[in-house]
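Throughout the sequence shown, residue numbering follows the numbering used here, covering 87 to 317 in sequence.
Beta carbons are placed, not taken as given, at the ideal position from N, Cα and C, and that holds for glycine.
The structure appears below as structure tokens.
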Amino acid sequence: MRNVRSLRAIAAGLMFAAVVTPAEAIDGDTQLWNTQNFNYKIDDKWSANLEVQERWYGDVSYFAFFIVRPSVTYKWNDWLSFTGGYAHFRVWDPDGDFADEDRIWEQVNVRLFGGKDQPTLNWRTRLEQRMFEAGGDTVWRLRQQLRLMYPIVDRVQGVAWSETFWRLNDVTQANGRFVEGGIEQTRQFAGLNLEVTKNFTFEAGYMNVYTWRASGDTVDHVPWLISTFKF
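Next comes the structure, spelled out in structure tokens:
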């Protein structure tokens, strides 16, 4: 009973964080994100994943991001896995001009408790090296995510997670602007995960993005759709 109460407290906290906006921040943008994951199981230890993502910005008025993110994961055991990957970002502004970013990233995922058909809590640590083709310094960024999945009915789970981003180094951007290291943003997500078939899941929810900016902190509101295909 104590574990159940703890799980409910964690779920309530994550759900609350996903919908609360700090009072001092200003509303930024309403966006739409759409992700497709293609996951291939190589053997009992190794798997490969290709993530493709599209984002619409400006109150969903223009196409702003296209991301391709391949990766390979090694499953150490049922509780621990390691992932390495690459990502390419193309980012457009409202005028149609674009910029490119290349990103190398490493990740450790720990299942703290739970499993199939049980409440499950995962802790994810991701380290990124962000390189901009326009120039400037490489940005080292750390991301920490706590993710809870909670069975509701057959094939349907509630999902809530919180993720914090830190810049680990001071950088000079291509335009000469100096940016100090430190906390960059937090993301809070709440939604539902539906197992449509054994090889296809669909997840939909709302994400609140709080970003620390020199010109004033902002909060973005993001519906996010995620399709995962397993092979």
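Exercise for the section: For residue 172, I'd like the list of residues in its chain whose CB is within less than 8 Å of its CB, leaving aside the five on either flank, ordered along the chain. Expected result: 155, 156, 157, 188, 189, 190 and 191, listed in sequence order.
Handout entry: For residue 128, the residue or residues it bridges with in DSSP
Key = Looking at the DSSP assignment, residue 128 forms no beta bridge with any residue, so it has no partner.
Problem - Length of the line joining the Cα atoms of residue 300 and residue 218 - result: Cα to Cα, the separation comes out at about 21 Å.
Problem - Neighbourhood of residue 314 by C-beta distance below 6 Å, restricted to the same chain and skipping five residues each side - result: Counting only Cβ-Cβ distances below 6 Å, and skipping sequence neighbours, we find 123 and 287.
Problem - the region 254-261 contacting the region 290-307, beta-carbon criterion three pairs below 8 Å - result: No, they do not touch.
Practice task
Mark residue 128 as exposed unless 16 or more other C-beta atoms lie within 10 angstroms of its C-beta, in which case mark it buried.
Solution key: Exposed is the call here.
Exercise for the section: Find out if the Cβ-Cβ distance for the pair residue 281, residue 233 is shorter than 7 Å. Expected result: Not in contact: residue 281 and residue 233 (Cβ atoms no closer than 7 Å).
Practice task
Out of 262, 263 and 306, point me to the one whose CA is closest to residue 275's CA.
Solution key: Of 262, 263 and 306, the residue nearest in Cα terms is 306.
Problem - residue 202, DSSP secondary structure in three states - result: Residue 202 falls in the coil class under three-state DSSP.
Exercise for the section: Could you check which residue in 279, 125, 126 and 270 has the C-alpha nearest to that of residue 243? Expected result: Closest by alpha carbon: 279.
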